[in-house]
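Engineer: Sequential numbering of the sequence shown, starting at 5, is according to this note's numbering.
Where is the CB? At the ideal position from N, CA and C, for every residue including glycine.
In this text the structure is predicted, and so the values were computed from the model without any measurement.
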Amino acid sequence: MKGNQKVNKKPLALVAAIGLAFTLAACGSDTSTAGDSTATAEATSVPTKDTAGINELPVGDSGPQTNDALTIDLVYFQAVDMEHGSMAMPPAAESDMHFEVDVVTNEKATEWGYEPDQFMP
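#1: Counting along the chain, where does the beta strand (DSSP E) carrying Pro-62 start and finish?
#2: So, is Ala-113 buried or exposed, given that buried needs 16 or more other C-beta atoms within 10 angstroms?
#3: Under the three-state reduction of DSSP, which class applies to Glu-98: helix, strand or coil?
#4: Based on the DSSP secondary-structure assignment, which residues constitute the bridge partners of Gln-122?
#5: With a threshold of 8 Å on Cβ separation, who are the neighbours of Gln-122 within its own chain once the five nearest residues in sequence on each side are excluded?
#6: Pop quiz: Leu-78 and Val-63 are said to be a contact at Cβ under 8 Å. What is the actual Cβ separation, rounded to whole angstroms?
#7: Tell me whether Glu-87 sits in a helix, a strand or coil according to DSSP, three-state version.
#8: Whose C-alpha, out of Glu-115, Val-105, Pro-125 and Pro-120, is nearest the C-alpha of Gln-69?
#9: Which residues in the same chain as Asp-72 place their Cβ atom closer than 7 Å to its Cβ, once the five residues preceding and following it in sequence are excluded?
#10: Look at the alpha carbon of Glu-60 and the alpha carbon of Phe-81, and state the distance between them as a whole number of angstroms.
#11: Which residue wins for smallest C-alpha separation from Ser-103, given the options Ala-97, Met-124 and Val-84?
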């Protein structure tokens with residue numbers, strides 16, 4: 005790097021944390037069904053949303069992260085059967101939980117022509 009340029013390490017740390025979360029979720033192999041055990045996380049965490057009977061619980065305690073024009077939130081919820089298109093996802097009976105990364109625009113995105121709170125794939 006030249007001169008006085010500084011490296012912003014927050015975006016890199018966020019990407020690494022999300023990658024680690026997905027890697028750990030993919031590596032787990034528990035043969036018990038969801039009804040065999042009680043989820044202790046539901047008893048200790050406060051739900052963030054309740055959409056169609058699904059309680060999204062935050063992953064970690066830092067909450068949504070904002071980076072420039074995007075707000076990124078990592079959540080999980082109970083396993084449910086989902087329409088998944090071309091993705092290979094196991095049925096709810098073979099899953100413990102579902103991880104989800106919510107990426108939406110914020111007020112700064114208006115500088116790029118996007119509306120705030122718009123889903124970003």
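Structural biologist: The short version:
#1: 58-62
#2: buried
#3: helix
#4: Paired residues: none, contrary to the question.
#5: Val-108, Thr-109 and Ala-113
#6: 4 Å
#7: In this structure, Glu-87 counts as coil in the three-state DSSP scheme.
#8: Val-105
#9: Lys-112
#10: 5 Å
#11: Correcting the residue identity first, residue 103 is Phe in this sequence and not Ser. Checking every option, the nearest Cα to that of Phe-103 belongs to Val-84.
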